[in-house]
Amino acid sequence: MTASPRRLTIAIDGPSGSGKGTVARSIADALGYRHVDTGAMYRAVGWRARQLGVALDDEAAVAAVAQRATFSLDEGRVVIDGFDVTTAIRTPEIDRAASSVARLPAVRATLVERQRALGAEGGIVMEGRDIGTVVFPEADVKLFLDAAPEERARRRANDPAHAGRQAGLDRVAVDMRARDELDRTRAASPLVKAPDAVLIETTGLPIEEVVRQALEIVRRTGDR
Ligand code: DC
Numbered sequence: 069m070t071a072s073p074r075r076l077t078i079a080i081d082g083p084s085g086s087g088k089g090t091v092a093r094s095i096a097d098a099l100g101y102r103h104v105d106t107g108a109m110y111r112a113v114g115w116r117a118r119q120l121g122v123a124l125d126d127e128a129a130v131a132a133v134a135q136r137a138t139f140s141l142d143e144g145r146v147v148i149d150g151f152d153v154t155t156a157i158r159t160p161e162i163d164r165a166a167s168s169v170a171r172l173p174a175v176r177a178t179l180v181e182r183q184r185a186l187g188a189e190g191g192i193v194m195e196g197r198d199i200g201t202v203v204f205p206e207a208d209v210k211l212f213l214d215a216a217p218e219e220r221a222r223r224r225a226n227d228p229a230h231a232g233r234q235a236g237l238d239r240v241a242v243d244m245r246a247r248d249e250l251d252r253t254r255a256a257s258p259l260v261k262a263p264d265a266v267l268i269e270t271t272g273l274p275i276e277e278v279v280r281q282a283l284e285i286v287r288r289t290g291d292r
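Per the numbering used here, the sequence shown runs over residues 69 to 292.
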């Protein structure tokens, strides 16, 4: 069997701690595709707005920050306007800031446009909350990862990217639940599974098994 020449667009959505980051990275590595973590873009805009002293509920001002920003998202690093914020955006403060700016329709419109441009050529694995529903409704493959809240909180508490500043498991669980609730109930592009997305329930599964299942689904599509 030869490798498929088609360069697919792969959308991966799900709440925090569902495993989507690891799965998206692994699939991109396996296929030689670009990986884009759109959550990092919302985080970077939240970080930059705070740094500039912009109120996080000032929609026009935050949207202007997003519009003017230059992003570099390669090789696991996140750079906005020349500032490497790879580690700075993984703190409880930026968890909250990202969730705030992600509620603003004008900010979403700007970032969605940039995300579409990044994926215009295909050969991309994009992860987030609205990739299969809004950014790429025509994606070749749509996956929606989910897991029980306790397991998602445990994974987040053990995630080295979020280490250092992390509080105990109970605090992580409470904060995560509050943010998930905002993501799922906000008016603008709430976190919801696209009707044609394949649900992968990852509770109790080792991440290697989730990656294997996801790659299997992608390969079946590529062979069609
Ligand atoms: O995946 P994450 O935790 O890094 O995302 C940070 C925040 O951004 C989170 O509140 C969800 C939001 N987000 C979003 O609304 N849409 C996306 N495509 C990605 C993230």
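Note that the Cβ used here is the ideal one computed from N, Cα and C, for glycine as well.
The alpha helix (DSSP H) spanning residue i covers which residue range?
{"i": "T302", "result": "Coverage of the chain is limited to positions 69 through 292, which leaves residue 302 absent and any answer about it impossible."}
{"i": "I162", "result": "P160 to V169"}
{"i": "A188", "result": "No alpha helix (DSSP H) holds A188; DSSP gives it neither H nor E."}
{"i": "V240", "result": "L237 to T253"}
{"i": "I285", "result": "I275 to D291"}
{"i": "T106", "result": "T106 to Q119"}
Is it the case that the CB of residue i approaches a heavy atom of ligand 1 more closely than 6 Å?
{"i": "D251", "result": "yes"}
{"i": "R164", "result": "no"}
{"i": "T106", "result": "yes"}
{"i": "S294", "result": "With the chain covering 69 to 292 only, the question about residue 294 has no answer from this structure."}
{"i": "Y110", "result": "yes"}
{"i": "R239", "result": "no"}
{"i": "R197", "result": "yes"}
{"i": "R247", "result": "yes"}
{"i": "S94", "result": "no"}
{"i": "S84", "result": "yes"}
{"i": "A19", "result": "The structure shown does not extend to residue 19, since the chain is modelled only from 69 through 292, so no value can be given for it."}
{"i": "A170", "result": "yes"}
Since residue i and residue j are thought to touch, with beta carbons under 8 Å apart, how far apart are those beta carbons, to the nearest angstrom?
{"i": "I192", "j": "R102", "result": "5 Å"}
{"i": "V130", "j": "S140", "result": "That pair is no contact at about 20 Å."}
{"i": "R288", "j": "G190", "result": "Between G190 and R288 the Cβ distance is about 17 Å, and since that is not below 8 Å, they are no contact."}
{"i": "V203", "j": "Q183", "result": "5 Å"}
Over the uninterrupted beta strand (DSSP E) stretch that includes residue i, give me the two end residues.
{"i": "G196", "result": "I192 to G196"}
{"i": "V266", "result": "V266 to E269"}
Touch check for the segment 77-96 and the segment 205-220: three-plus C-beta pairs under 8 Å? yes
Would the segment 88-102 and the segment 232-251 be scored as touching if the rule is three or more Cβ pairs under 8 Å? Touching, no.
Pairing CB atoms from the segment 170-180 with CB atoms from the segment 237-256, are three or more of them under 8 Å? The segment 170-180 makes contact with the segment 237-256; the number of CB pairs closer than 8 Å reaches 3 or more.
Okay, do the segment 173-192 and the segment 109-120 touch, 3+ Cβ pairs below 8 Å being the bar? Yes: at least three Cβ pairs fall under 8 Å.
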